[in-house]
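Here the structure comes first, spelled out in structure tokens, and everything after it is commentary.
Number of protein chains: 2
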Amino acid sequence: MTYTIKQVAEKTHLSIYTLRFYDKQGLLPFVSRDQSGYRAFTDGDLLLLHTLSCLKNTGMKISDIRQYMTLVMQGPASIPQRQQLLRTHRDAVLAQQRAIARNLQEVDRKLSLYDSPIATDLVGLELAAARKEKTANGLPDPFSKLI
Amino acid sequence: MTYTIKQVAEKTHLSIYTLRFYDKQGLLPFVSRDQSGYRAFTDGDLLLLHTLSCLKNTGMKISDIRQYMTLVMQGPASIPQRQQLLRTHRDAVLAQQRAIARNLQEVDRKLSLYDSPIATDLVGLELAAARKEKTANGLPDPFSKLI
DNA sequence: ATAAACCCTAGACCATGCTCTAGGGCAACC
DNA sequence: GGTTGCCCTAGAGCATGGTCTAGGGTTTAT
Numbered sequence: 001m002t003y004t005i006k007q008v009a010e011k012t013h014l015s016i017y018t019l020r021f022y023d024k025q026g027l028l029p030f031v032s033r034d035q036s037g038y039r040a041f042t043d044g045d046l047l048l049l050h051t052l053s054c055l056k057n058t059g060m061k062i063s064d065i066r067q068y069m070t071l072v073m074q075g076p077a078s079i080p081q082r083q084q085l086l087r088t089h090r091d092a093v094l095a096q097q098r099a100i101a102r103n104l105q106e107v108d109r110k111l112s113l114y115d116s117p118i119a120t121d122l123v124g125l126e127l128a129a130a131r132k133e134k135t136a137n138g139l140p141d142p143f144s145k146l147i
Numbered sequence: 001m002t003y004t005i006k007q008v009a010e011k012t013h014l015s016i017y018t019l020r021f022y023d024k025q026g027l028l029p030f031v032s033r034d035q036s037g038y039r040a041f042t043d044g045d046l047l048l049l050h051t052l053s054c055l056k057n058t059g060m061k062i063s064d065i066r067q068y069m070t071l072v073m074q075g076p077a078s079i080p081q082r083q084q085l086l087r088t089h090r091d092a093v094l095a096q097q098r099a100i101a102r103n104l105q106e107v108d109r110k111l112s113l114y115d116s117p118i119a120t121d122l123v124g125l126e127l128a129a130a131r132k133e134k135t136a137n138g139l140p141d142p143f144s145k146l147i
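Chains as they are written, first to last, in UniProt numbering: chain A, 1 to 147; chain B, 1 to 147.
The following block contains the structure:
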């Protein structure tokens, strides 16, 4: 049992364009062609495609995915390099997740400010201070450009 | 006290290019110009720039940041719209974080497979099965292209 | 045997987010 | 008054990751 590119696109929710693009980028070295030159995806290929999606969805760059898939093609001997690649990626993703969480905290702070019953007053004070700072420095007041 | 674009670049770790690009994109409507047409950043501007960085670092698109900054320029009256924008963004970021965590779990599964003492055997079996699947379907074996 | 519905490649095109270059003005020091 | 070191704009260029078009072959059903 093999699958056409259309069937794989439906299964993976990747577009046919994207699948062909990935192939062109060397991300699908495991996919064979039939007599007509058509890509024939096996179930094993779908598993590798799933791995590819996980790497892509965690933000791995195409060049790194290509490297990983190349290592996969080389069999068990490449396990150490695969480990290193995945571990490096994993660490980068976790660091990025932490950075995003930190930055999102600040967004949350803004949101709780806006949720305050005196939000209007606080924001009004902030605005007044900003305008004052501008004029104190002999600068035009950008907040009145809206008039 | 105001800051030049160079000083702001140093403080924020954004490049001068990026700051000018952001300004061109309408992300810095609050920054005034001095008599020479030079950007003059105030301390209040730096706070807004910090907010901008948080939004950018959590992946908000430039068009949405522009919208937020435009709302900020309008003063307290725009608080409801700001809330909606930030909440939508916050929810999207959290959903994205969860999606990444899910995908990273699969990467971790791969890593623990590679960590297994019988990793070589398991990977070897997988490879053998994949090759068998290809030939069973009358397809060329892509794993021998390396010879 | 011809239409419909697939498949292919090469390469153009696009969106996003910068990054850099060219050409020119301002400001301070020697 | 020239050199240095900033500042400016407009617009070109680039990296990434697709997305689409043109031109052409294959398969299946009628």
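Virtual Cβ for every residue (Gly too), placed ideally from N, Cα, C.
Predicted model, so just to flag it, every value in this text is computed and none were measured.
So what's Phe41 of chain B in DSSP terms, helix, strand or just coil?
strand
Alpha helix (DSSP H) segment containing Pro80 of chain A, residue limits:
Ile79 to Asp115
How many whole angstroms separate the CB atoms of residue 148 of chain B and Phe143 of chain A, which I take to be in contact at a CB cut-off of 8 Å?
Look at the range of chain B in this structure, 1 to 147, and you will see that residue 148 of chain B is not part of it.
Spell out a yes or no on whether the segment 128–143 of chain B and the segment 96–106 of chain A are touching, meaning 3 or more CB-CB pairs, one atom from each, closer than 8 Å.
no
Residue environment, His89 of chain B, which counts as buried when at least 16 other CB atoms sit within 10 Å:
buried
Looking at Ile65 of chain B and Leu49 of chain B, is the spacing between their C-beta atoms short of 8 Å?
no
Ser32 of chain A in three-state terms, based on DSSP:
strand
From B:Val93, B:Val107 and B:Asp108, pick the residue whose C-alpha is nearest to that of Arg102 of chain A; which is it?
B:Val93
Quick check: is the beta carbon of Leu104 of chain A nearer than 8 Å to any beta carbon in chain B?
yes
Quickly, what does DSSP pair Tyr3 of chain B with across the bridge? List them, please.
B:Phe41
Just to confirm before moving on: does the CB-CB distance between Val8 of chain B and Phe30 of chain B stay below 8 Å?
no
Quick check: what's the CA-CA separation for Gln25 of chain B versus Gln67 of chain B?
11 Å
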